[in-house]
Amino acid sequence: MDKLYYHEKQFKGVMKKYWNQRYDLFPNYDDGIRLTKELWFSVTPHKMALFVAEYITQFTKGYVLDAFCGGGGNVVSFINAGLHVVAIDNNESHLECTQNNVAVSCLEQEENQLTLINGDWCLPIDALNSYSFHVVFGSPPWGGPAYQEGVFDLDQLLPLPLGPLLIKFAQYSQHIILFLPKNSNLQQLEEITKEVFKGKHVIVKITRMYINTREKGILVHWRVKR
Ligand code: MGP
Ligand code: SAH
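When we follow numbering that gives the first Met the number 0, the leftmost residue of the sequence shown carries the number 0, and every step to the right adds one.
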């Protein structure tokens with residue numbers, strides 16, 4: 000199990016700002032939210048997770064694949080919006096954090112509304128074969144707080160560069176939504192999109208996401224028309 004960070008004394012240097020923002024991340028932080036060090040700088044703040052969930056419910060009430068569930072920042076809002084979620088992560092501690100954070104944040108849950116799967120996007124994930132998803136959502140690792148230096152090269156996304164990641168996710172749904180760094184190279188995003196979806200009609204919508212006037216990231220929605 001990765002170490003959990005839940006006491007102010009554990010937060011040093013750049014990590015302090017994430018502790019100070021804890022109620023932006025989870026307004027119910029004091030109810031027993033559990034996060035590893037990586038999750039403290041990766042979870043989607045609550046207001047943005049709400050926005051994403053509401054955005055998705057405008058076009059579907061069906062199954063969402065959260066490809067990198069982390070600490071459940073997005074999963075909590077998907078569940079509360081009534082969506083069914085299949086949540087993947089390759090870190091057992093993070094899956095446990097999601098399970099805990101959903102339990103303390105989602106008071107009403109339908110049976111089978113959430114399925115957690117330990118899966119690695121660098122390998123085939125056979126457990127996904129029996130599902131049909133309306134949306135694939137993903138907030139992949141950006142390489143930590145240092146992502147802000149300069150323009151973010153989308154080939155540096157983990158665990159796969161943007162192109163191969165889109166090719167994988169396009170196998171599961173016509174709607175792919177990714178939360179990416181605010182300083183992402185948008186020209187590169189356009190070039191990768193043209194290459195991956197060559198010959199297909201694809202609409203891309205980019206939304207800049209702010210909390211209290213500070214930009215936190217961009218939400219990119221690819222809608223591939225058949
Ligand atoms: P930030 O930009 O590192 O900090 O993270 P802050 O305090 O908002 O910005 P600053 O300009 O004041 O320094 C902002 C948000 O981006 C986090 O709450 C996460 O939602 C997201 N985020 C940051 N990182 C480093 C990652 C990451 O590696 N992966 C993912 N998925 N999200 C991240
Ligand atoms: N949206 C989440 C945060 C995601 S952080 C939230 O709001 O809580 C990104 C997650 O990707 C981390 O939990 C990390 O364990 C996971 N991850 C990294 N590499 C992966 C891989 N190869 N396959 C699946 N998950 C991976």
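All C-beta atoms, glycine included, are put in the ideal place defined by N, C-alpha and C.
All figures in this text were calculated on a predicted structure; none of them were measured in a lab.
Report, in whole angstroms, the separation of the C-beta atoms of residue i and residue j, which I expect to be a contact under 8 Å.
i, j, result
"V135", "L64", "5 Å"
"I217", "R207", "6 Å"
"V42", "G12", "Contact flag wrong, Cβ pair sits at about 19 Å."
"K175", "L185", "It is worth fixing the name first, because residue 175 is Ile in this sequence and not Lys. About 17 Å; that fails the 8 Å criterion."
"I205", "V219", "5 Å"
"F25", "S104", "7 Å"
"K215", "M47", "6 Å"
"V74", "V51", "At roughly 11 Å, the Cβ-Cβ gap does not stay under 8 Å, so V74 and V51 are not in contact."
"Q112", "V84", "7 Å"
Between residue i and residue j, what straight-line distance do the alpha-carbon atoms span, to the nearest angstrom?
i, j, result
"T59", "F77", "12 Å"
"P44", "I210", "9 Å"
"Y28", "Y4", "12 Å"
"S92", "F151", "28 Å"
"L188", "K36", "29 Å"
"L156", "E148", "14 Å"
"K199", "W120", "24 Å"
"S172", "N99", "28 Å"
"M0", "D88", "14 Å"
"G137", "A66", "5 Å"
"Q20", "S131", "36 Å"
"N182", "T212", "16 Å"
"L122", "K167", "11 Å"
"L49", "I32", "17 Å"
"H96", "K2", "The identity of residue 96 in the sequence shown is Cys, whereas the question assumes His. The straight-line gap from Cα to Cα measures roughly 11 Å."
"E190", "Y62", "29 Å"
"N79", "D23", "17 Å"
"I55", "H133", "9 Å"
"Y146", "Y17", "15 Å"
"P144", "G69", "16 Å"
"L153", "W221", "15 Å"
"M179", "P140", "Note that residue 179 is Leu in the sequence shown here, rather than Met. Approximately 9 Å between the Cα atoms of the pair."
"E7", "L177", "31 Å"
"D30", "L106", "12 Å"
"V223", "L94", "30 Å"
"N90", "A126", "16 Å"
What does DSSP give as the partner residues of residue i in its beta bridges?
i, result
"G216", "M208"
"I191", "None, per the DSSP bridge assignment."
"I176", "F136, H220"
"T114", "V85"
"F151", "S183"
"I202", "R222"
"V63", "V84, V134"
"T43", "According to DSSP, T43 bridges with nothing at all."
"T56", "DSSP lists no partner for T56."
"T97", "None; T97 has no bridge partner."
"L161", "In the DSSP output, where bridge partners are listed per residue, L161 has none listed."
"L3", "T35"
Under a CB-based cut-off of 8 Å, is residue i close to chain D?
i, result
"R207", "The structure shown has no chain D; it contains just one protein chain."
Please confirm if the segment 159-171 is in contact with the segment 187-198, defined as three or more CB-CB distances below 8 Å between the two stretches. Touching, yes.
Cβ contact (3+ pairs, closer than 8 Å) linking the segment 24-43 and the segment 108-120: The segment 24-43, when compared against the segment 108-120, does not touch it at the 8 Å Cβ threshold.
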